[in-house]
Amino acid sequence: MKTIAIFNNKGGVGKTTFCGNLAAHIAMQNSKRVLVLDLDPQANMTHYMLGAEMAGEVVAPYYDRSITKAYNTIVDVFKPYELGESRIDTDISAIQCERYGADLIAGNPFLAAYEDILSKKWNELSSPDSVSGLRITNWVTSLLRSVDKKYDYTFIDLSPSLGAINRTALLASDYFLAPMSCDIFSLIGIANIHQWINNWVQYYNERRQTFAASKPDVWQTIGHDIQEIVKINSGFVGYTLQSYISRKDAQGNKRTTHSYQRIIDNIQPEILSKLGDYRAHGISDDNLNLGEIPHMFGILALSQFVGAPIISLNSSDGMAGSQYTQARSYINAFEQIMERFLENIGEGRDDVA
Numbered sequence: 004m005k006t007i008a009i010f011n012n013k014g015g016v017g018k019t020t021f022c023g024n025l026a027a028h029i030a031m032q033n034s035k036r037v038l039v040l041d042l043d044p045q046a047n048m049t050h051y052m053l054g055a056e057m058a059g060e061v062v063a064p065y066y067d068r069s070i071t072k073a074y075n076t077i078v079d080v081f082k083p084y085e086l087g088e089s090r091i092d093t094d095i096s097a098i099q100c101e102r103y104g105a106d107l108i109a110g111n112p113f114l115a116a117y118e119d120i121l122s123k124k125w126n127e128l129s130s131p132d133s134v135s136g137l138r139i140t141n142w143v144t145s146l147l148r149s150v151d152k153k154y155d156y157t158f159i160d161l162s163p164s165l166g167a168i169n170r171t172a173l174l175a176s177d178y179f180l181a182p183m184s185c186d187i188f189s190l191i192g193i194a195n196i197h198q199w200i201n202n203w204v205q206y207y208n209e210r211r212q213t214f215a216a217s218k219p220d221v222w223q224t225i226g227h228d229i230q231e232i233v234k235i236n237s238g239f240v241g242y243t244l245q246s247y248i249s250r251k252d253a254q255g256n257k258r259t260t261h262s263y264q265r266i267i268d269n270i271q272p273e274i275l276s277k278l279g280d281y282r283a284h285g286i287s288d289d290n291l292n293l294g295e296i297p298h299m300f301g302i303l304a305l306s307q308f309v310g311a312p313i314i315s316l317n318s319s320d321g322m323a324g325s326q327y328t329q330a331r332s333y334i335n336a337f338e339q340i341m342e343r344f345l346e347n348i349g350e351g352r353d354d355v356a
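Just so you know, the sequence shown maps onto residues 4 to 356 in the numbering used here.
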């Protein structure tokens with residue numbers, strides 16, 4: 004199984020929409036077993052994949068104990084920890100999302116309460132005998148290894164935070180990609196990611212090695228749930244760019260807006276400067292640019308409302324007229340992005356067909 008985090012230290016860049024549609028394309032176009040893990044405390048991915056009504060039903064029991072719980076969410080993994088154990092419960096059920104062809108481990112707003120706990124456990128790594136610090140820091144690693152044989156890909160949707168939850172997610176990931184928008188704040192976000200990853204990767208590797216050397220017997224017992232070597236600092240597989248709304252000339256060609264174009268011209272150099280050293284092996288400069296996401300106007304809102312990826316929308320969802328043309332434009336663009344993404348993780352179209 005390959006694990007890919009969708010991440011940028013900037014909100015509003017389309018991370019959730021991109022993650023959901025990429026998961027659907029990989030699952031439905033390539034007949035792959037796909038899991039989506041919603042680790043954003045806002046749980047937007049859960050709403051996107053389930054629709055607002057079902058998403059509400061999933062989280063309602065966590066607010067009202069009188070409601071019988073029918074589904075697991077991500078916070079259920081912490082039950083053993085809440086009872087005083089230094090482990091998580093990996094036996095939680097994903098929700099099948101037929102219209103995506105993928106499974107979902109649902110998010111939960113109460114995940115935000117674990118940010119401070121995970122930060123504390125991270126700090127405990129400074130102690131050479133902190134079993135709890137190492138195991139809880141690797142909670143995502145432990146969860147994903149429990150389903151390693153069940154799925155071909157896991158996609159993790161993350162918040163824009165540079166906090167403890169996202170650190171544990173990236174620690175468990177093989178790759179990450181960064182959706183971008185045409186604004187200066189996306190460039191600032193990339194610079195922040197570079198400094199943040201540098202700060203914690205070396206620290207983790209040193210603390211993990213110290214623990215294994217000082218507690219070899221304990222390491223033999225828990226090592227299968229621990230990330231031995233951080234992969235994410237050589238796992239950057241590219242970025243996407245949200246299209247900006249522009250006018251067209253008499254021939255129907257997109258007219259360049261100078262202010263946007265200046266930002267676009269700076270994105271590739273900034274990516275190479277800040278994240279180029281993190282790229283996965285063999286990816287060229289040009290291939291880091293996965294492609295441009297077309298502006299979808301009302302179709303995106305429809306997709307979110309009905310809880311279906313754009314590739315699955317049909318007339319029963321309310322599709323009509325020119326919306327089919329818009330959807331086809333999006334699907335065509337996404338096919339190209341998907342193919343470049345697969346190439347960048349070492350799986351070309353022939354490998355996944």
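By construction, the Cβ of each residue, glycine as well, lies at the ideal position given by its N, Cα and C atoms.
Who are Thr-157's beta bridge partners in DSSP? DSSP lists Thr-6, Leu-38 as partners of Thr-157.
On a CA-only basis, which of Asn-208, Pro-219, Ile-70, Val-240 is nearest Glu-231? Give me that one, please. Of the candidates Asn-208, Pro-219, Ile-70, Val-240, Asn-208 places its Cα closest to the Cα of Glu-231.
Using the three-state DSSP reduction, which class does Cys-185 fall into: helix, strand or coil? It is coil, neither helix nor strand.
Quick one: what does DSSP say Val-309 is sitting in, helix, strand or coil? Helix at Val-309.
Which listed residue (Asp-177, Leu-165, Val-78, Trp-199) has its alpha carbon closest to that of Trp-142: Here the closest residue by C-alpha is Val-78.
Buried or exposed (CB count within 10 angstroms, at least 16 for buried), His-50: Around the Cβ of His-50, a 10 Å sphere holds 16 or more other Cβ atoms; the residue is buried.
Any chance the region 139-153 sits against the region 80-89, with 3 or more Cβ pairs inside 8 Å? Here the region 139-153 makes contact with the region 80-89; the two share three or more CB pairs at distances below 8 Å.
In whole angstroms, give me the CA-to-CA distance for Asp-320 and Tyr-84. Each residue's alpha carbon lies about 42 Å from the other.
When the Cα atoms are used, what is the spatial distance from Val-134 to Ile-159? Val-134 and Ile-159 have their C-alpha atoms some 26 Å from each other.
Alpha carbon of Asn-33 to alpha carbon of Glu-127, nearest angstrom: Rounded to the nearest whole angstrom, the CA to CA distance from Asn-33 to Glu-127 is 43 Å.
For Val-355, does the three-state DSSP call read helix, strand or coil? Note on Val-355: pLDDT 47, under 50, position unreliable in the model; the coordinate value appears next. The answer is helix: DSSP assigns Val-355 an H, G or I state.
Does the separation of the CB atoms of Ala-115 and Pro-44 fall below 8 Å? Contact: yes.
Spatial neighbours of Asn-75 within its chain, please: CB distance less than 6 Å, with the 5 preceding and 5 following residues excluded, ordered by chain position. Excluding sequence neighbours, Asn-75 sits near Ile-95, Ser-96.
Would you call the region 208-217 and the region 262-281 in contact, with 3 or more CB pairs under 8 Å? Judged by Cβ distances under 8 Å, the region 208-217 makes no contact with the region 262-281, as fewer than three pairs qualify.
With distances taken Cα to Cα, identify the nearest neighbour of Asp-41 among Gly-59, Cys-22, Gln-205. Out of Gly-59, Cys-22, Gln-205, the CA that lies nearest to the CA of Asp-41 is found in Cys-22.
From the DSSP output, in three-state form, read off Gln-99 for me. Of the three classes helix, strand and coil, the one that applies to Gln-99 here is strand, per DSSP.
Would you check if the region 230-245 and the region 169-182 touch, i.e. whether three or more CB-CB distances between them fall below 8 Å? Contact holds between the region 169-182 and the region 230-245, because three or more Cβ pairs, one in each stretch, are under 8 Å apart.
Under the three-state reduction of DSSP, which class applies to Phe-214: helix, strand or coil? Helix.
Which whole-angstrom value describes the C-beta separation of Leu-53 and Val-62, a residue pair presumed to lie in contact below a C-beta threshold of 8 Å? Rounded, the Cβ-Cβ distance is 10 Å, inconsistent with contact.
Have a look at Ile-193 and Val-204 and give me their C-alpha separation to the nearest angstrom. Just so you know, the alpha carbons of Ile-193 and Val-204 end up roughly 17 Å apart.
Please report the distance separating the alpha-carbon of Ser-306 from that of Pro-312. Answer to the nearest angstrom: the Cα atoms are 6 Å apart.
Can you find at least 3 beta carbon pairs, one from the region 290-299 and one from the region 328-347, that sit closer than 8 Å? Output reads yes: the region 328-347 touches the region 290-299.
Does the Cβ of Tyr-66 have 16 or more other Cβ atoms within 10 Å, making it buried, or fewer, making it exposed? Burial call: exposed.
Please list the terminal residues of the continuous beta strand (DSSP E) segment that includes Tyr-242. Per DSSP, Tyr-242 belongs to the beta strand (DSSP E) from 239-245.
For the alpha helix (DSSP H) that contains Leu-345, what are its first and last residues? In the DSSP assignment, Leu-345 falls within the alpha helix (DSSP H) that extends over 326-347.
Ignore the nearest five residues each way along the sequence and tell me which others in Leu-244's own chain have a CB closer than 6 Å to its CB. Only Met-183, Glu-295 meet the Cβ criterion.
So Arg-170 and Trp-125 are in contact, right, with Cβ under 8 Å, and what is the actual spacing, rounded? Contact holds; Cβ gap of about 7 Å.
For Lys-153 and Arg-36, believed in contact at Cβ under 8 Å, the rounded distance: About 7 Å separates the beta carbons of Arg-36 and Lys-153, which is inside the 8 Å limit, making them a contact pair.
Beta strand (DSSP E) containing Ile-296: first to last residue? Residue range 292-296 is occupied by the beta strand (DSSP E) that includes Ile-296.
Looking at the secondary structure, which residues open and close the alpha helix (DSSP H) in which Asp-119 lies? If you look at Asp-119, you'll find it in the alpha helix (DSSP H) that goes 118-126.
Would you call the CB atoms of Ala-104 and Ala-58 closer than 8 Å? Here residue 104 is Gly; the residue named in the question, Ala, does not match the sequence. No. Outside cutoff.
Rounded to whole angstroms, what's the CA-CA distance from Lys-234 to Phe-308? Just pull it up for me. Rounded to whole angstroms, Lys-234 and Phe-308 show a C-alpha spacing of 36 Å.
Residues in its own chain within less than 7 Å of Lys-218 by CB, not counting five upstream and five downstream? For Lys-218, same chain residues with a beta-carbon under 7 Å away, outside a window of 5 residues either side, are Asp-132 in chain order.
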